[in-house]
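Colleague:
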Amino acid sequence: MPESSLLLSPPDHYGCWIPVRAPRPPVQPGHKVHTVVPALLTPYSADLEVLPRFTVGRVFSDWGIDPIPFVVTVWAVGLYVLGVVVLHRRGDRWPVGRTLAFVGLGMGSFFFATSSGLGRYDTTLLSVHMVQHMLLSMVVPLALALGAPVTLALRTLPPAPRRWLLAVLHSRVAKVLAFPPLAFALYVASPWALYFSSWYDASLASAFVHEMMHVHLVLVGTLFFWPLMGVDPVPGRVSHPFRVLLTLMTLPFHAFLGVTIMGQSTIIGEEHYRELREGPMGSWLPPMLEDQHLAGGILWASGDLIGVLFFAVLFTQWVRSSMKEAAREDRRLDLAERRAPTH
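Residue numbers (full-length UniProt numbering): 1 to 343.
#1: Ignore the nearest five residues each way along the sequence and tell me which others in Val-234's own chain have a CB closer than 8 angstroms to its CB.
#2: According to DSSP, Ser-239 sits in a beta bridge with which residue or residues?
#3: Under three-state DSSP, which class holds Ser-137?
#4: Taking contact to mean 3 or more Cβ pairs, one atom from each stretch, closer than 8 angstroms, check whether the stretch 247 to 261 and the stretch 296 to 309 are in contact.
#5: What is the DSSP secondary structure of Ser-198, counted as helix, strand or coil?
#6: Considering just the uninterrupted stretch of the alpha helix (DSSP H) at Val-59, what are its terminal residues?
#7: Under three-state DSSP, which class holds Ser-203?
#8: If we ignore side chains and look at the alpha-carbon of each, how far apart do Val-131 and Asp-201 end up?
#9: Tell me which residues share the same chain as Val-139 and place their Cβ nearer than 6 angstroms to its Cβ, disregarding the 5 neighbours each side in the sequence.
#10: From Leu-219, Glu-290, Ala-148, pick the residue whose C-alpha is nearest to that of Trp-94; which is it?
#11: Would you say Val-103 and Tyr-121 are within 8 angstroms of each other, going by their C-beta atoms?
#12: Based on Cα-Cα distance, which residue from Leu-165, Phe-224, Ala-189, Val-59 lies nearest to Val-176?
#13: Let's test the definition: count the other Cβ atoms within 10 Å of the Cβ of Pro-161 and tell me whether it reaches 16, buried, or not, exposed.
#14: Taking Cβ to Cβ, would you say Ala-295 is nearer than 8 angstroms to Leu-51?
#15: Select from Pro-191, Ser-116, Val-96, Trp-192 the residue whose C-alpha is nearest the C-alpha of Ile-65.
#16: Which residue comes first and which comes last in the alpha helix (DSSP H) that contains Arg-162?
#17: With 16 as the cutoff for other CB atoms within 10 Å, does Arg-339 come out buried or exposed?
#18: Where are the alpha helix (DSSP H) runs, 4 residues long or more, that stay fully inside the stretch 217 to 290, in chain order?
#19: What does a CB cutoff of less than 7 angstroms around Leu-157 pick up in its chain, not counting 5 residues either side in sequence?
#20: Leaving aside the five residues before and after Met-288 along the sequence, list all residues of the same chain whose C-beta is less than 6 angstroms from its C-beta, in chain order.
#21: For a test of the three-state rule: what should DSSP assign to Thr-73, helix, strand or coil?
#22: Out of curiosity, what's the CA-to-CA distance linking Ala-193 and Val-220?
#23: Does the separation of the CB atoms of Thr-123 and Leu-217 fall below 8 angstroms?
#24: How would you write the range of the alpha helix (DSSP H) that Phe-111 sits in, first residue to last?
#25: Rank Gly-269, Gly-263, Phe-112 by C-alpha distance to the C-alpha of Val-72 and give the top, closest one.
#26: Cβ atoms of Pro-191 and Leu-257: under 8 angstroms apart, would you say?
#27: DSSP on Gly-91, reduced to helix/strand/coil?
#28: Find the nearest neighbour of Ala-153 within the set Gly-97, Pro-69, Val-84, Val-96, judged by alpha-carbon distance.
#29: Between Trp-284 and the rest of its own chain, which residues show a CB-CB distance below 6 angstroms, the 5 nearest in sequence each way excluded?
#30: When burial is assigned at 16 or more other CB atoms within 10 Å of the CB, is Pro-159 buried or exposed?
#31: What first and last residue would you give for the alpha helix (DSSP H) that runs through Pro-149?
#32: Rounded to a whole number of angstroms, what is the C-alpha to C-alpha distance between Gly-30 and Gly-279?
#33: Classify Gly-303 as buried or exposed, calling it buried when 16 or more other Cβ atoms lie within 10 Å of its own Cβ.
#34: If we count the other Cβ atoms within 10 Å of its Cβ and call it buried at 16 or more, is Val-27 buried or exposed?
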């Protein structure tokens, strides 16, 4: 214990002077109390950042580097581009559309959702968080699946890592997680568990839980959409009619959840959002119930829009697959006719 932090109390009845710790000086307004707790474990409420009034323009102009999403984005894009370069040097072709889907739309949306103004205001406004939620749970998994990274890896990895990847794809754990009914149940139940349990409150109170929520949204979306897209050789792939059926089944759940959030009077994350409105940002923050109604509407509308677009993609794949199958059958019949003996 440093000497500067000690004082001597008045002597006790034995006449001894007792050292005691000096009281901590009061924290003046505007001073920050620093701690040795890592940033990811520091509660948001311990140091609430005062943000300016939110506008749509700030989504595109107010950026901040979040370490975990930044590192994930750099590594994923770097490894994917390296695989494409290896294929081209070998003389093989790789569709440009797949590269654009993975690098541009997929990882680009992931970085945009976590590091742009959406990431800056996602704990300030529930409506902004809901836009981020839909990007991470639907747009990012769909785009990554269109990029076919597993196929790219199988075509470019050395023999040993390729065998490891195949072992993972054929493992019992992968088959269980990709089982369509289980993946569908996880995808549908996760948003209800997030907003109607203490999970969302915990994500507002802890930076670590908040980051893990982002990871969870992407992973659950990947488990559900990746086999349905059917581009990569992953477990859980089903026939085209069943893919279309599962997609149609998800649409009412997003709509029902959005309507439920819009219609309820209980505020999601009330303690956190009320604390924000009692501070300097209270001058521009909208009423909590109004922002929650907007968030429910965003969930309803965007879920249906993205679901319909995905349905259109699946239906197009189904038609093309049927046309290819018909062409193969025609060629088979023509070959059988030419080989048939003539009389």
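Where is the CB? At the ideal position from N, CA and C, for every residue including glycine.
Modeller: In short, the structure shows the following:
#1: What you label residue 234 is simply residue 234 of the sequence shown in a count that begins at 1. Excluding residues within five positions, the ones whose Cβ falls inside 8 angstroms are Val-150, Leu-169, Ala-174, Ala-178, Trp-226, Pro-227.
#2: Counting from 1 along the sequence shown, the entry for residue 239 is found at position 239. According to DSSP, which records beta bridges pairwise, Ser-239 is partnered with nothing at all.
#3: Residue 137 sits at position 137 when you count from the first residue of the sequence shown. Reduced to three states, the DSSP call for Ser-137 is helix.
#4: Touching, yes.
#5: Working through the sequence shown from its first residue, we reach residue 198 at position 198. Correct three-state label for Ser-198: coil.
#6: Here residue 59 is taken as the residue at index 59 of the sequence shown, counted from 1. Segment 56 to 61, the alpha helix (DSSP H) holding Val-59.
#7: Working through the sequence shown from its first residue, we reach residue 203 at position 203. Ser-203 sits in a helix when the DSSP states are folded into three classes.
#8: Working through the sequence shown from its first residue, we reach residue 131 at position 131. Working through the sequence shown from its first residue, we reach residue 201 at position 201. Spanning the two alpha carbons is a distance of roughly 18 angstroms.
#9: Taking the sequence shown and counting its residues from 1, the one referred to as residue 139 is at position 139. For Val-139, where only same-chain residues beyond five positions count, the Cβ hits under 6 angstroms are Ser-109.
#10: Working through the sequence shown from its first residue, we reach residue 94 at position 94. It is Ala-148.
#11: On the sequence shown, residue 103 is found 103 positions in, with the first residue counted as 1. On the sequence shown, residue 121 is found 121 positions in, with the first residue counted as 1. Contact flag unset, no.
#12: For this step, residue 176 is matched to residue 176 along the sequence shown. Looking at the Cα atoms, Phe-224 is the closest of the given residues.
#13: The residue given as residue 161 occupies position 161 in the sequence shown. Exposed: under 16 other Cβ atoms inside 10 Å.
#14: In the sequence shown, counting from the first residue as 1, residue 295 sits at position 295. In the sequence shown, counting from the first residue as 1, residue 51 sits at position 51. No, Cβ-Cβ distance for Ala-295 and Leu-51 is not below 8 angstroms.
#15: Mapped onto the sequence shown, residue 65 falls at position 65. Ranking the options by Cα distance to Ile-65, first place goes to Ser-116.
#16: Counting from one through the sequence shown, the residue named residue 162 turns up at place 162. Segment 159 to 169, the alpha helix (DSSP H) holding Arg-162.
#17: Counting from 1 along the sequence shown, the entry for residue 339 is found at position 339. Arg-339 is exposed by the Cβ-count criterion.
#18: 240 to 263, 270 to 277
#19: Locating residue 157 in the sequence shown gives position 157, where the first residue counts as 1. If we look at Leu-157 and ignore the five residues flanking it on each side, its Cβ neighbours are Leu-165.
#20: Along the sequence shown, one-based indexing puts residue 288 at 288. Counting only Cβ-Cβ distances below 6 angstroms, and skipping sequence neighbours, we find Ile-267, Tyr-273.
#21: Locating residue 73 in the sequence shown gives position 73, where the first residue counts as 1. Collapsing the DSSP output to three states places Thr-73 in a helix.
#22: The residue labelled residue 193 in the question sits at position 193 within the sequence shown. The residue labelled residue 220 in the question sits at position 220 within the sequence shown. Between Ala-193 and Val-220, the C-alpha separation is close to 13 angstroms.
#23: Locating residue 123 in the sequence shown gives position 123, counting from the first residue. Locating residue 217 in the sequence shown gives position 217, counting from the first residue. No, the Cβ-Cβ distance between Thr-123 and Leu-217 is not below 8 angstroms.
#24: The residue you call residue 111 lines up with position 111 of the sequence shown. 108 to 115 is the extent of the alpha helix (DSSP H) around Phe-111.
#25: Here residue 72 refers to the residue found at position 72 when the sequence shown is read from its first residue. Comparing Cα positions, the closest option is Phe-112.
#26: Sequence index remark: in the sequence shown, residue 257 carries index 257 (1-based). Sequence index remark: in the sequence shown, residue 191 carries index 191 (1-based). Cβ distance < 8 angstroms, so Leu-257 and Pro-191 count as in contact.
#27: Counted from its first residue, the sequence shown places residue 91 at position 91. Here Gly-91 sits in coil by DSSP.
#28: By 1-based counting over the sequence shown, the position of residue 153 is 153. In terms of CA proximity to Ala-153, Val-84 leads the group Gly-97, Pro-69, Val-84, Val-96.
#29: The residue you call residue 284 lines up with position 284 of the sequence shown. Around Trp-284: Arg-53.
#30: Walking along the sequence shown from the start, residue 159 turns up at place 159. Exposed is the call here.
#31: Reading the sequence shown from its first residue, position 149 is the one you call residue 149. Where Pro-149 is concerned, the enclosing alpha helix (DSSP H) stretches over 149 to 156.
#32: Here residue 30 is taken as the residue at index 30 of the sequence shown, counted from 1. Here residue 279 is taken as the residue at index 279 of the sequence shown, counted from 1. Its pLDDT being 40, under 50, Gly-30 is placed unreliably by the model, and nothing is read from it.
#33: The residue given as residue 303 occupies position 303 in the sequence shown. By the neighbour-count rule (16 or more Cβ atoms within 10 Å), Gly-303 is buried.
#34: Locating residue 27 in the sequence shown gives position 27, where the first residue counts as 1. Confidence is the limiting factor: at Val-27 the pLDDT is only 42, short of 50, which leaves the residue's position unreliable, though a coordinate-based value still follows. Of the residues assessed, Val-27 falls on the exposed side of the cut-off, its CB having fewer than 16 other CB atoms within 10 angstroms.
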